[in-house]
Each structure stands twice: as C-alpha cells, then as structure tokens.
Amino acid sequence: MSKIALITGATSGIGKATAYEFAKHNIHLILCGRRQKRLITIKKELEKFTKVHTLNFDVSNKIETFKAIESLPEDLKQIDILINNAGNAHGLDPIQSGHIDDWDAMMDINVKGLLYVSKAVMPQMIDRKSGHIINIGSSAGKEVYPKGNVYCGSKHAVLAITEGMRIDLNPFGIKVSAINPGAVETEFSKVRFKGDKKAEDVYKGFDALQAEDIAEIIYFVVSRPNHVNIADLLVYPTAQASTTILKRN
Ligand code: NDP
Ligand code: 8X3
Numbered sequence: 342m343s344k345i346a347l348i349t350g351a352t353s354g355i356g357k358a359t360a361y362e363f364a365k366h367n368i369h370l371i372l373c374g375r376r377q378k379r380l381i382t383i384k385k386e387l388e389k390f391t392k393v394h395t396l397n398f399d400v401s402n403k404i405e406t407f408k409a410i411e412s413l414p415e416d417l418k419q420i421d422i423l424i425n426n427a428g429n430a431h432g433l434d435p436i437q438s439g440h441i442d443d444w445d446a447m448m449d450i451n452v453k454g455l456l457y458v459s460k461a462v463m464p465q466m467i468d469r470k471s472g473h474i475i476n477i478g479s480s481a482g483k484e485v486y487p488k489g490n491v492y493c494g495s496k497h498a499v500l501a502i503t504e505g506m507r508i509d510l511n512p513f514g515i516k517v518s519a520i521n522p523g524a525v526e527t528e529f530s531k532v533r534f535k536g537d538k539k540a541e542d543v544y545k546g547f548d549a550l551q552a553e554d555i556a557e558i559i560y561f562v563v564s565r566p567n568h569v570n571i572a573d574l575l576v577y578p579t580a581q582a583s584t585t586i587l588k589r590n
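If you're matching positions, the sequence shown starts at 342 in this note's numbering and goes up one per residue.
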C-alpha cells in the first residue's frame, strides 16, 4: 500500500523538490504552504503520478494549522511520513541591530510552526505505533556564524526538539530524523534579504547544493527498512567546509 506523506513548505525549494521525488515513488502527498496558486499548479503536475491533496495554511498560526490538518479526508488522515520543512531565515544582522519582526518570524515559523504541525500529526502515529518524522534543520543548527544569531538559534532549537522527539516517541516505534543542509540554492536567500540584490550573490562562484540533492537524500532516509533510522545528517556542498568556510572560484 502507498505511504502518505505530509510536506510543509511544499511550494518552493527543498519541500517542492521532495514532493516531486516522492511522487516518482508513488507516495501519496499532502502538500502545504501559504501560496495557494503554487499548490494548485504542483498538484496538477503531480497527480499524474500519485494522489495529491493540498492544505493552504500558515504554520505559525496555531488555529489554521490544526483546522487544516483536521480537515483531511478520512483516507489521508493516517500520515506515515511528516516532513517538517517550512521555514526561512529573515534578515542577516548583528544581534544589536536585528529586527524584532524578523526574530518573531523565525521563532514562530521555524520552531513553533514545526511544533504545531507535529502536535497535530503525532496522535495518529502514536495510536498506530508507526511513523517517521523528518525535521529539516540546518548546518546553522550545528554551528553559529556571524550575524546568524536568531536563525542559528531557531535551527539549534529544531535539532534539540528532534532529539527530544526521538526520545519521547521511542516507545511507539516512531522514527525521528534531522536532515541538516548547508547552502542550498532555493528561494531561501531571496526571503532572507527580502528581495534585495544581495541575494543574487549568495550562490555565486561555487556549486551550491540544489533542492533535488536534498530531496533525494530525504527519499533515501524514508525508504530504509523498518529497523534503520538515520537520526541525523549534515550535508554540505563540496565547496563548503563549515558555516563560514566556503571556497569560491
Ligand atoms: P524556500 O524559501 O525555497 O522554501 C521555503 C518554504 O517554506 C516555502 O515553500 C514556503 O511556502 C514555506 N514557508 C515559509 N514560511 C511559512 C509559513 N509561515 N507557513 C507555511 N509555510 C511557510 O527555502 P528552502 O527550500 O531552502 O527552505 C526549506 C527549509 O530548509 C527551511 O526550513 C530552511 O531553513 C531549511 N534550510 C535551507 C537551506 C538553504 O541554504 N536553502 C540550508 C539549510 C536548511 P509559502 O511561502 O508558500 O508558505
Ligand atoms: C541555511 C544555510 O548557512 O544560510 O540554513 O544558514 S545558512
């Protein structure tokens, strides 16, 4: 029987590429995001290969999140795979000149949004004693870099929450994994720099990871046998050695 995956942040970048990768393997999809038009376009493309349902909500809105997940049709309520991917960096400023709205957005989306979605999805996994939760962390969750302060804090929190989930869900046979990428060329920097030209230079002069590279890794992680859980992965482009060491041409 086909598995069912719920992917947050499926309108762009890593989440969208994961939807395409999962569709190739006939995993049924629940695709989430705020940009409804994109959800519709992706659904149209992927329903040639698999069953697709879309949920249009903001993960940082507790009420919207629970309503959306409760609204799932009966045949899609038993989610086997949860990909907590929705998130972004907002700004890149020293802590003393950082913007409170940016801090709120990162903590509300990257940390609290992940918790809300997980809270809504976990009960049926616990009842069935099965499931796999994959949290998309970051190299920024392993190592703090200059001006990364709150984004790094949010991703360190994702890693700590992942570890906590793995411990608490252990009695129920639920797998919990963190995948922590370095630089991936997506809309991430456009969001971080709010459309500023700076975003154009971020991936210049080296071969950044592409969203599809991470999507393939996510599929590898979810397709291991039952007794294998890849708990934590750090994935860099070859040109990157740490959050601050990057070899450009
Ligand atoms: P993109 O900006 O391309 O994608 C971000 C996705 O998150 C979009 O689909 C967006 O959808 C969704 N999203 C953002 N805010 C919300 C919200 N409030 N509610 C619901 N959905 C939301 O970036 P990436 O694909 O690169 O990022 C995906 C994840 O990977 C993030 O958690 C990011 O921190 C992480 N990551 C990225 C790296 C990179 O270098 N790109 C490296 C390491 C980790 P919509 O706007 O439609 O809601
Ligand atoms: C995204 C990678 O280095 O921009 O999480 O923080 S980085």
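The C-beta atom is built at its ideal place from N, Cα and C for all residues, glycine as well. Owing to the predicted nature of the structure, the values given are computational and were not obtained by experimental measurement.
Excluding the 5 residues flanking it on each side, Gly428 has same chain C-beta neighbours closer than 6 Å at Ile450, Asn451, in chain order. Look at the beta carbons and you see the segment 372-391 not touching the segment 565-580: under three pairs across the two are nearer than 8 Å. In this chain, Ala430 is not harboured by any alpha helix (DSSP H), its DSSP state being neither H nor E. Annotation: the continuous alpha helix (DSSP H) that includes Gly356 extends over 354-365. Ile474 and Val563 have their C-alpha atoms spaced approximately 9 Å apart.
Counting only runs of 4+ residues, the alpha helix (DSSP H) found wholly inside the segment 548-577 occupies 552-563, in chain order.
DSSP places Ile381 inside the alpha helix (DSSP H), whose first and last residues are 377-387.
For Glu528, same chain residues with a beta-carbon under 7 Å away, outside a window of 5 residues either side, are Ser353, Gly354 in chain order. Here the C-alpha atom of Ala524 lies approximately 10 Å from the C-alpha atom of Phe547. Rounded to the nearest angstrom, the gap between the Cα atoms of Asp442 and Gly472 is 35 Å. Here the alpha carbons of Tyr486 and Thr585 stand approximately 6 Å from one another. Contact check for Ile345 against Asp421 passes: the beta carbons are separated by less than 8 Å. In this structure, Gly439 and Asn490 form a Cβ contact; the two beta carbons are roughly 7 Å apart against a cut-off of 8 Å.
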